[in-house]
Amino acid sequence: MDKVLIIGGGIAGMEAAGQLLKLGYEPVIAEKEDHLGGHVAGWHKLFPDMMDASALIEQLASKLDGATVYLRTRVAYMNRLKDGYSVMLSNGTGLVCRAVLIASGFRLFDAAKKEEYGYGVYDHVITNSDLEAWFNGVEDFRVPENPRHIAFVHCVGSRDLKAGNPQCSKVCCMTAIKQAIEMKEKFPDAEIWCFYMDLRLFGKKYEDFYINAQRDHGIHFVRGRVSEVGEDIDGRVVLKAEDTLAGTQVKLKADLLVLMAGMLCNEDTATIASMVRAAVDSDGFMRSRDNIYRINESNRPGIFFAGACTGTKTVPETVAEARAAALDIHNYLSGND
Amino acid sequence: MRERFASGFDPFVLPFLIGFFFVIGYCILGIVRIMFQLSREDRRMFLLSLITPTTALKNIWDIFANCLLHVKLWKRNKVLGFMHSSIAFGWFMLIVLGHIEVMLYCPGRIHLFYYPIFFNYFVAENESTIGGAVLFFLMDFFLLLVLAGIALAIIKRVRSRIFGMRRTTRPSMLDRVGLYSLWAIFPLRLLAESFTAHISGGSFLTIPANWVFRQFLGNDLHMLPTWWAYSLALCVFMLVLPFTRYMHIPAEMMLIPMRNAGLKIRHARKGFARVEVLSCPGCGVCIDACPMSVKKANLKDCTVYLNRQLRRGNEKRIEEISDKCLLCGKCEALCQVGVEGPALRIAQRERRKYGFSQDYSGIDVAPMAAAAKGAKVLYFSGCMTRLTPSVGKAVCSLLQKAGVDYVWADRDEGLCCGRPMLTAGRTEQARQLIRKNEEMILGSGAGTLLLSCPICYKIFTEEYNLPGVRVVNYVTFFNELVEQGMLKLEKGDLFYVYHDPCELGRGCGIYEEPRKLLGRAAGITEAPKNRAESICCGGSLGSLTLDFQHREAMTLNALKNLYESKADAIATACPLCLATFSRYSERPVRDIAEVLDAQSHV
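Taken in order, these protein sequences are the chains called A and B.
The first sequence lines up with residues 42 to 378 when you count with this note's numbering.
The second sequence lines up with residues 3 to 604 when you count with this note's numbering.
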């Protein structure tokens, strides 16, 4: 039976492994963290159905019976053979497989690099992932007891040449709206503000969320970037921004500021790519054969991609891509190409 | 001693005379034009300085040391220093000795400009007399010196790397004509004097050469054509001189007295600026110095090319180069002649006409002044510190620990210091902002103005009029607090490399104080390029057109220099450097205030 190495045990790696098992292969997942599920495992609820992220992970994990999973394991090296790859994992396991699926995902932009927002400097500035962790019950002293004013800043480290990341992270607009609604539900008296450049609500039911947020929850949307963030004597965050629709300057004191940190290519992507001489794109993500029809394929035979290693993706996109990659691998291994 | 020709003339001197009178005439006209371009008070100041004994002496010494001996260049690069000073000083001595010879042996001919130059052709002197032997020896010695310089120049043209220069300028067409004629002058002089040595005498160089040539030539037919060639080479060099980089030879002699008189650039094309542009020798030191030159696309945007385009009057390129520059000032710091690249560019930017100009005169500073009242020390953080909140927070924490009576003037509302407007050439807007800030600061009643941004610090010290207020940079202020025992620091284990921000280092000349201060809280190592040679972080507000991709390459290059120090982390004293570096750095980047804050206790 053919072994297939899957680099990364996030939702893409898990879904692909489950599908490959059904197709009769032996998937081997190498995950660098101590748990499966990647970023989604740290999330609370997923839009647009507000499904529990843990429920998705459970579903994916339930289909992994028979798959080999190595946690806290990285790829030490990978060599091209005549027909396949010889791989050494950091836990000492060696394996030979004809196909490798790279599902190494993304990393979150380090919000401290946008100094003007004061992440790590002011007491009440957190990121989207910090907030999800707090929703999941992780204690966070930065979230006040009973916040009266909460501000969300979109596009932190996305679509920002100065931060070195020109592309859109796709999910943050919707995440901000989702989190704003969740916060409003937790703190009905709080006033919530979202500062955005554009709202990119392209997916199914996303627009409904936006309308709900405004109509039912009274969340304020301000089109304009936050220019600087200060702190007043009480430790509250002071935001200065421009409302480009009203053409006025806005100054807002908030008890909590949430930064929508964007998606960047994973740091390990380049290392893995260089082992098999797979091409890396100008944005730092993996380069697919093309971006329309063969997103799952690399320029090397037997190397496949799934999920956010080739660009920013939403959860449903990632899962669909993982399934497609499993089928691509099956076709490749059974010579149906 | 005898004169060979009673007439004291031969037609071969004519080319030399044509070139000579052309250059002299051109320079006199140029001086007159520039004098008229100066403003009335500048002209008065300049003329007065010429007759003030101390400045006059300084002028003579500076011209001697810089134009002839190239003292500054020696300090930087010994081989280049030798090359330039051997040509300049050697040639100067040949001319001086020529005049001494004429004055000693045929004083009646001194009014003929060509006599000292072609002395050996016209006068047959015997080296057996002591005077002749010494003079001829000296003439040959200096000729040898010049020839050695020329030989180095030729090697440098072929392989500039041997001389420690990665890149040099691409000479223009006329520059090449000037260059080759300059190279030709001295070998031709050696040949001409050698052919004449058995008649007119010579020394250790010319007599053996004469003997060698006589072994196979056997007649004197080559003599006159070689003197013609020598004269023609001189003629060509002098005719093209005004239109080549060699114009720096006469122009620098004008630049030094003007600078010593205290003149400033007031117009991008006229007066003092014109003299600076003409004084550029086109050596290309600024190409390697320029932080933009890490990208090949920007190679032709450094000061040497600005000067070239200013000479040619290529408006499009002049604007492009002027707008692109980061104004880091490194070209000026390394320039042997002292061409003020940044000031030239700002003067050029001032010439632009904008369709729309902001008006700040209506801003009400009363609320800001009210917020600034009531403390001895007024802390003005500036826009850049407000965008890097960690710096402002650390400064305030240190002030509190030291028990300083202070108020953060622009914590809530504040105006820009005006420096970005000034560097963009929008002087009027800058003046408006300066007046507003002056009003706010003087109204606060504080005796000390504390600044944590060197961009603000530079304009506050240079352009603001704040009687009774001490303007102080935070590195100076914190050093004082430590020395007075108000701030207690504990030395940490980390090693920092200090990055000199352009505006604080080259801009304000503050190099030692930040190192002293940082040394109290941490270990210090140095980067290979530091102090006046520090590389701009690439984030400078000076550039109007440079995009992020080009800036990124510069930031990475500047970081590479800092990494070479093997320090654990990078420290700087400018919020803009901090923000720029921390986006790309592999090692932690901290402001000096943050380092101090972590190492201080109450």
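Cβ coordinates follow ideal geometry from the N, Cα and C atoms, glycine included.
Given the structure is predicted, the values throughout are model-derived calculations rather than measurements.
Near-chain B residues of the segment 158-177 of chain A - C-beta to any C-beta below 9 angstroms: Residues passing the 9 angstroms Cβ filter: Y158, G159, G161, V162, Y163.
N- and C-terminal bounds of the beta strand (DSSP E) containing I47/A: Working through the first sequence from its first residue, we reach residue 47/A at position 6. Run containing I47/A: 44-48, per the beta strand (DSSP E) assignment.
Chain B contact for G107/A (CB, 8 angstroms cutoff): Translated into the one-based positions of the first sequence, residue 107/A becomes position 66. The C-beta of G107/A comes no closer than 8 angstroms to any C-beta of chain B.
CB of L598/B within 8 angstroms of CB of F497/B, strictly: Stepping through the second sequence from its first residue, residue 598/B is reached at position 596. Stepping through the second sequence from its first residue, residue 497/B is reached at position 495. Contact flag unset, no.
F11/B classed as buried or exposed, judged by whether at least 16 other C-beta atoms fall within 10 angstroms: For this step, residue 11/B is matched to residue 9 along the second sequence. With fewer than 16 other CB atoms across the displayed protein chains lying within 10 angstroms of its CB, F11/B is exposed.
Beta carbon of V242/B nearer than 8 angstroms to that of I36/B: The residue given as residue 242/B occupies position 240 in the second sequence. The residue given as residue 36/B occupies position 34 in the second sequence. Using a Cβ distance threshold of 8 angstroms, V242/B and I36/B do not count as a contacting pair.
Chain-ordered neighbours of K154/A on chain B, where CB pairs are closer than 8 angstroms: As a working mapping, residue 154/A is identified with position 113 in the first sequence. Near K154/A (Cβ distances below 8 angstroms), the residues of chain B are S584, R585.
Reduced DSSP category for P503/B - H, G, I as helix; E, B as strand; rest coil: Mapped onto the second sequence, residue 503/B falls at position 501. Three-state DSSP puts P503/B in coil, outside helix and strand.
Three-state secondary structure assigned by DSSP to S303/B: If you number the second sequence from 1, residue 303/B lands on position 301. Reading off the sequence shown, one finds Asp at residue 303/B, where the question assumed Ser. Here DSSP, grouped into helix, strand and coil, assigns D303/B to helix.
Residue-chain proximity (R413/B, chain A), Cβ-Cβ < 8 angstroms: The residue labelled residue 413/B in the question sits at position 411 within the second sequence. For R413/B, the answer is yes, since a Cβ of chain A falls inside 8 angstroms of its Cβ.
Exposed unless 16 or more other CB atoms sit within 10 angstroms - verdict on L219/B: Position 217 of the second sequence, counted from the first residue, corresponds to residue 219/B. Flag for L219/B reads exposed.
The segment 56-64 of chain B / the segment 253-271 of chain B touching (three or more Cβ pairs under 8 angstroms): Short answer: they touch.
Check whether V34/B and M240/B have beta carbons under 8 angstroms apart: As a working note, residue 34/B is residue 32 in the second sequence. As a working note, residue 240/B is residue 238 in the second sequence. In this structure, M240/B does not lie closer than 8 angstroms to V34/B by Cβ.
Neighbourhood of P530/B by C-beta, 8 angstroms cutoff - its chain only, sequence neighbours within 5 removed: Translated into positions along the second sequence, residue 530/B becomes position 528. Leaving aside the five residues that flank P530/B on each side, the residues in its chain whose CB is nearer than 8 angstroms to its CB run, in chain order, N563, E566, S567.
Own chain partners of V148/B with C-beta closer than 8 angstroms, once the 5 adjacent residues on each side are dropped: The residue you call residue 148/B lines up with position 146 of the second sequence. Exclusion of the five residues before and after V148/B leaves S88, I89, G92, W93, L96, F188 as the residues of its chain whose Cβ lies within less than 8 angstroms of its Cβ.
Contact set between V270/A and chain B, taken where Cβ atoms lie within less than 8 angstroms: Here residue 270/A is taken as the residue at index 229 of the first sequence, counted from 1. P391, listed in chain order.
Secondary structure, beta strand (DSSP E): runs of 3+ residues fully inside the segment 203-291 of chain B: For the segment 203-291 of chain B, there is no continuous beta strand (DSSP E) assignment of 3+ residues that stays within its boundaries.
S2/B and N122/B closer than 8 angstroms at C-beta: The first residue shown for chain B is 3 and the last is 604, placing residue 2/B beyond what the model contains.
4 or more residues per run - each alpha helix (DSSP H) lying fully within the segment 300-359 of chain A: Those alpha helix (DSSP H) runs which fall completely within the segment 300-359 of chain A and span 4+ residues are 308-317.
Residues near G394/B by beta carbon distance below 6 angstroms, same chain, minus five either side: Residue mapping note: residue 394/B aligns to position 392 of the second sequence, counting from 1. Within the same chain, G394/B has close Cβ partners S383, T387.
Beta carbon proximity, K203/A to chain B, threshold 8 angstroms: The residue given as residue 203/A occupies position 162 in the first sequence. With 8 angstroms as the cut-off, K203/A counts as an interface residue toward chain B.
Among A53/A, G159/A, S210/A, E226/A, nearest to S268/A - alpha-carbon criterion: On the first sequence, position 227 is the one that residue 268/A refers to. Per the Cα distances, G159/A.
C-alpha gap between V474/B and C458/B, whole angstroms: Numbered from 1 along the second sequence, position 472 holds the residue referred to as residue 474/B. Numbered from 1 along the second sequence, position 456 holds the residue referred to as residue 458/B. Going by the C-alpha atoms only, they are around 11 angstroms apart.
6 angstroms Cβ shell around A615/B - same chain, five flanking residues per side excluded: Because chain B spans 3 through 604 in this model, residue 615/B falls outside it and cannot be assessed.
Outcome for M215/A when other beta-carbon atoms lying within 10 angstroms are tallied against a minimum of 16: As a first step, residue 215/A is located in the first sequence; it is residue number 174 there, counting from the start. Around the CB of M215/A, 16 or more other CB atoms lie within 10 Å, so the residue is classed as buried.
Coil, strand or helix - Y111/A by DSSP: Residue mapping note: residue 111/A aligns to position 70 of the first sequence, counting from 1. Three-state result, Y111/A: strand.
Counted within 10 angstroms of its Cβ, other Cβ atoms place Q60/A as buried (16 or more) or exposed: Residue 60/A sits at position 19 when you count from the first residue of the first sequence. Answer is buried; the Cβ neighbour count reaches 16.
Assigned secondary structure, V212/A (DSSP; H/G/I helix, E/B strand, else coil): For the purposes of this step, residue 212/A is taken as the residue at position 171 of the first sequence. Correct three-state label for V212/A: coil.
Cβ-heavy atom distance, S281/B to the ligand NAP, below 7 angstroms: In the structure shown, the ligand NAP is absent, as is every other ligand, since no ligand is present at all.
Minimum C-alpha distance to A595/B - residue among R585/B, P577/B, F274/B: The sequence position of residue 595/B within the second sequence is 593, counting from 1. For A595/B, the closest C-alpha among the options R585/B, P577/B, F274/B is that of P577/B.
Alpha helix (DSSP H) segment containing S295/B, residue limits: Taking the first residue of the second sequence as position 1, residue 295/B is located at position 293. Going by DSSP, S295/B is part of no alpha helix (DSSP H) at all; its letter is neither H nor E.
L546/B vs A372/B beta-carbon contact at 8 angstroms: In the second sequence, the residue the question calls residue 546/B occupies position 544. In the second sequence, the residue the question calls residue 372/B occupies position 370. No, they are not a contact pair.
Rounded C-alpha distance that separates M370/B from I443/B: Here residue 370/B corresponds to residue number 368 of the second sequence, with the count starting at 1. Here residue 443/B corresponds to residue number 441 of the second sequence, with the count starting at 1. In a straight line, the C-alpha of M370/B is about 9 angstroms away from that of I443/B.
With 16 other Cβ atoms within 10 Å as the buried cut-off, status of F7/B: For this step, residue 7/B is matched to residue 5 along the second sequence. Exposed: under 16 other Cβ atoms inside 10 Å.
Local conformation of R121/A per DSSP, three classes: Taking the first sequence and counting its residues from 1, the one referred to as residue 121/A is at position 80. R121/A falls in the strand class under three-state DSSP.
Per-residue DSSP class, three states only, for K281/A: Numbered from 1 along the first sequence, position 240 holds the residue referred to as residue 281/A. In this structure, K281/A counts as strand in the three-state DSSP scheme.
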